[in-house]
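Protein chains in written order, with the working numbering: chain A, 73 to 419; chain B, 73 to 419; chain C, 73 to 419; chain D, 73 to 419. This report concerns only the one structure given below.
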């Protein structure tokens, strides 16, 4: 099989993550996060984000997102998010389940970034009206679902509107490291310094096997998360499994190295595709995901050649390509070469 | 530190489980359980249980239990279980959360086994009365929460009462292998042949790191579990992590070997403690868990010596001892020796 | 104060409804609907709809709607409805609460009627995809939220699409009688003969004080409604209060007489407004509700004169006018006269 | 038919309540409680309870109870109540539904009054333990479910324990007036002065048709009740129906007059039964409800004579007798006479 660009969750974990699991497997530890590994994770996050944070490890991104939302949204509230957002489109009704029935309100905006003008209106809409869901929180995805990245200024614009309306802000950072590398800023700058109150810190897509962290910057939002996590069945007894992965992921900037690789491969891929007749870049990839449009025969040819990627889910001819920390340069080059070959032959 | 008998979740995973994770880490696989590892797990369970089963892998025992309950209990229903059961006492309000508000009804009974007479009454109580929670399902723990094991006949008595009242039966098998080894029967005999409809098959406590399976024997109960699992945030993207652990656990009867060791160590421990003046066995341990009572000074001495176990949670002088697949014979012998030493000195 | 066109819920109840409450107040009756009044209501509905129906009386329209939705939508499902629908905009998050977290999916369409083309796409969207809410039911409002009325053919087109996709259909009939009078058809024709499976039969807005009925045409949907109603706190002990109102409402076609009056007053109002310069009818009123647009000074003048109606909630200059069974002809004429006077003076 | 002692909800409403509904039916009023009647109700409660209160009218006792509980109990919390309490036994799973999954913990105690010693233990049990439901609130029934009445001192003992543990206190006052009359104290003394934070003030059983009030003494508990009520479908559009009933109920001490009659009839009934051979008073009735035990043939005789009451739900021979504001003296005397006649004949 040729290279797969299906998703960054088709890769396994980085070697050092697996090694960390092995090492952590030795000896006894207290269960349910009352262990040294878990304590160390909190210390590492505190250092990484340059502030005192509360950390809750979970094993899926869905759990990280919906627990975060449930910590900031009452059952009669609404979460303002982009209409393309993952929480709105790809979590079944988990957000409604965990919040006790809050509503996701999708907002438009270019490149899957929330339109601040529309947000401003919706953040105040029907406030105090008992017949209406109350605007209660805002959620942004960084990297967005089309592969774009909010600039720090764009984030601050969003969070300022939220704060002015009294709404806490969640960041779905399933691809947090990829965004960070794209912006070249510090973790603090892209989160609490930009007005983010609670973060789904993703590691699974970028080198871990199953490790996500809810990182809480605004203390009061952490108050109920211990109970919420347990109630959701997301408190692991052998927490060292999650903690050891996260420690490895945060050690020696593995997260950065992995993300730089994934983003670099995407840059290579995008550069290669740009010059090919018939290929249209939809949203310029800033991180490790790209949506582009191709002639249907080219798509069919590439699939027949053995490349893997999602298509058929959006407008005709649209495909999604994702690179990961493991994507080999040769795979990218071969894909571009195949596309070019078809374009030239087909023309 | 001396040996810890705190719980069987303080041990890590068996070496072959870790090796399996490492091996599964190579290459790409499709996410969310659409991979060969997951398919293999279902085949292995089908073989193990000698019947066609539906399998849903999750990463915590809480998730396995509450998803199972939610598949068989409507929001206005009640789950009949023992008043000492884990689902009633140790899952926060996760059962209520996942079932949408069903109620756990605790039933008494010796050795933490449901009293069939009481069950019979409650299984029919206020049936059809719109003002009352409707008896909707039965859940048994095998091994029970005090370390006893239902005989096959006892199980059949319970499930016959349940079936006569039209209630499906769940088995909380967090220590399934330990119970199976204790009874010396087949997995089929202890489950569907004894009237169990859905099983929380635990592996985490007996050699895995974080792998549990919901095994459904009664097809219609599986209908919604895919959505329920996703909605709960329990569908793992890199499912191979869970699947590979389970494959290793089911391969070459690792589950049996581990459980035999744990049970054997408990037998040794119990035998040793029996003869010590002042020590009273509360419920004879049939698997790997024992509740016994000691003079308070003996407890203090043992803790001071560095042994670890839970106490102070129940009646005065009661302690809980749990052995695992990793508990060393020397550790058990040393503990017994220390207890005996104190008894003789103290007397 | 001049006439109020705020809503049809500002009027009290018809005299015969109050008289029925008084009469029912005599003597003892069994509570919780185990009384003759309630039995009579079911018989009357069976006759009215020319088929065997299950009836559940409740005291609010919200309860009727959300209990109906909960009977046909699983927690991971979605309810397809118009984006202007009452259930989406005016019930807080009651639909999510009662369904356990199902999602309302708003669909566009002219005159607040669901666009069948869009419905067809959404009714099949991501069916079977565990990551997505599953299209599970369809809800139409008759009268719609802008005062239009689905024709029987339009209803059949919607329900045929729903049925083809396996989705049950709910009708929010808060203004059921007004729609029926507008169409001039039988209750059966506008419901089960047109493919409706469950109906919120509204009486409160058209002559009752607090009486709504969930009328179930498709038997299996009624199965859980008894428990769902009780669980929601909507099972009245002195059910005769609700039942007596409904009996009066169904007796001697009070519902029809009241609706004919309300619709007639609206026709008069609309005819009067049509000819006034500066007034624009947005959606032609077919029942008893009208949205129209006026110059802001005209709105201010009318409000200053003492007329009451909602404005300021939609586009600038848009107002909503609703007539009821009690609206007097003189009030309508005076309102039109005032508007005309202003238009002529102001011009 | 002879007199029925089935329940106090088999009677209709007092004449003045019906008259008030009729009067309120005139003219237009703003919907959803934005009317003068509703405002007046709040003023009357403020006066009645001699303090500033928040009032939420609803139409069922279930709604009043479960909304109150949901205002003071998180989803992972537990409500400590008597094991005989109505909220535990007669509200289906409405409490779980409205609280999002909180648990009712039944506590024993003589005469259906919570045992303070047991309460003290449970109020602190497993506090802070993430694996356990957290004790979060206390609910007492006044009148209790067996017809006894807490003394003011008993109430204060309960609430002091609750407050010491940081738990707010709810009173299920479905028969509030009957209890008040029994104690001969003021409404303030039996509620906030005795440590009650939120009250289900029942009127339906004692003269109204369908009117209950949630009366909040502790301001912060009222914060979310507007949204909670709407979300539950319990915000009535024609709120004047509820408000007018409550006004009539509070006017000229109708509540007191009605309760005095009901209690008086029960005293007469109890006195009569006391002297009859074979009849055993189980719990002395202090208000309008009595549990007593009779020989089965006597029960059968009374039922055959046409008297109505509940039996067969409890221990053999136990019956429940309830009087209401409408119970005639002749009915009580005839019942006693019949019982005596049978006792003498049967002996």
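Where is the CB? At the ideal position from N, CA and C, for every residue including glycine. What you are looking at is a predicted structure, and each value in this text was computed from that prediction instead of being measured.
Check, Outcome
"Same chain, Cβ closer than 7 Å to residue 221 of chain C, five either side skipped, listed in chain order", "214, 215, 251, 254, 255, 358, 359"
"Chain B residues whose Cβ lies nearer than 7 Å to that of residue 173 of chain D", "165, 168, 169, 173"
"Where residue 154 of chain C sits in the DSSP three-state scheme", "strand"
"Whole-number beta carbon distance between residue 94 of chain C and residue 391 of chain D, since they are thought to touch under 8 Å", "Actually they do not touch by this definition, with Cβ atoms about 33 Å apart."
"Option in D:78, D:80, D:86 with minimal Cα separation from residue 326 of chain D", "D:86"
"Cut-off 8 Å between Cβ atoms - residues of its own chain near residue 267 of chain C, not counting five sequence neighbours on either side", "227, 228, 230, 231, 232, 234, 235, 241"
"Buried or exposed by the 16-neighbour rule on C-beta atoms within 10 Å, applied to residue 395 of chain D", "buried"
"Interfacial residues, the region 181-215 of chain C to chain A, with Cβ spacing under 7 Å", "202, 203, 204, 205"
"Segments assigned alpha helix (DSSP H), at least 4 residues, entirely inside the region 179-212 of chain A", "188-196"
"At least three beta-carbon pairs within less than 8 Å, the region 362-376 of chain A to the region 322-337 of chain A", "no"
"Under 8 Å from the C-beta of residue 302 of chain A: neighbouring residues of chain B", "134, 163, 164, 166"
"8 Å Cβ cutoff met for residue 109 of chain C and residue 316 of chain C", "yes"
"Within 7 Å of chain A by C-beta, residues of the region 136-157 of chain C in sequence order", "147, 148"
"Residues bridged to residue 308 of chain A [DSSP beta-bridge criterion]", "DSSP, once it has assigned bridges, lists no residue as partnering residue 308 of chain A."
"Span separating the alpha-carbon of residue 393 of chain A from that of residue 276 of chain A", "18 Å"
"Residues that residue 240 of chain C contacts on chain D, provided the C-beta gap is smaller than 8 Å", "Within chain D, no residue comes near residue 240 of chain C; the closest Cβ sits about 20 Å away, beyond 8 Å."
"Short-range partners of chain C found in the region 324-345 of chain B, where Cβ spacing is below 8 Å", "none"
"Span separating the alpha-carbon of residue 380 of chain C from that of residue 271 of chain C", "31 Å"
"Backbone secondary structure at residue 348 of chain D - three-state DSSP", "coil"
"Where residue 72 of chain D meets chain C, residues with beta-carbon distance less than 7 Å", "Not covered by the structure: residue 72 of chain D. The range shown for chain D is 73 to 419."
"Pairwise C-alpha distance: residue 104 of chain C and residue 304 of chain D", "19 Å"
"Residue 350 of chain C at chain D interface by Cβ criterion, 8 Å", "no"
"Meets three-Cβ-pair contact criterion under 8 Å: the region 146-156 of chain C and the region 169-177 of chain C", "yes"
"At least three beta-carbon pairs within less than 8 Å, the region 196-207 of chain D to the region 161-170 of chain B", "yes"
"Cα-Cα separation, residue 406 of chain D to residue 415 of chain D", "14 Å"
"Contact with chain C by residue 79 of chain D, beta-carbon distance below 8 Å", "yes"
"Check whether residue 131 of chain B and residue 299 of chain A have beta carbons under 8 Å apart", "no"
"Residue from A:365, A:293, A:284, A:279 whose Cα sits closest to the Cα of residue 98 of chain B", "A:279"
"Residue 170 of chain D versus D:199, D:142, D:321, D:127, residue with shortest Cα-Cα distance", "D:142"
"Simplified DSSP assignment, three categories, for residue 282 of chain C", "coil"
"In chain order, each alpha helix (DSSP H) run of at least 4 residues that lies wholly inside the region 218-302 of chain A", "224-236, 248-255, 259-262"
"Close beta carbons around residue 78 of chain D, own chain, < 8 Å, minus the five adjacent residues each side", "380, 381, 382, 394"
"Reduced DSSP secondary structure (H/G/I, E/B, other) of residue 215 of chain D", "coil"
"Pair within 8 Å by beta-carbon distance, residue 183 of chain B and residue 218 of chain B", "yes"
"For residue 99 of chain B: DSSP bridge partner residues", "In the DSSP output, where bridge partners are listed per residue, residue 99 of chain B has none listed."
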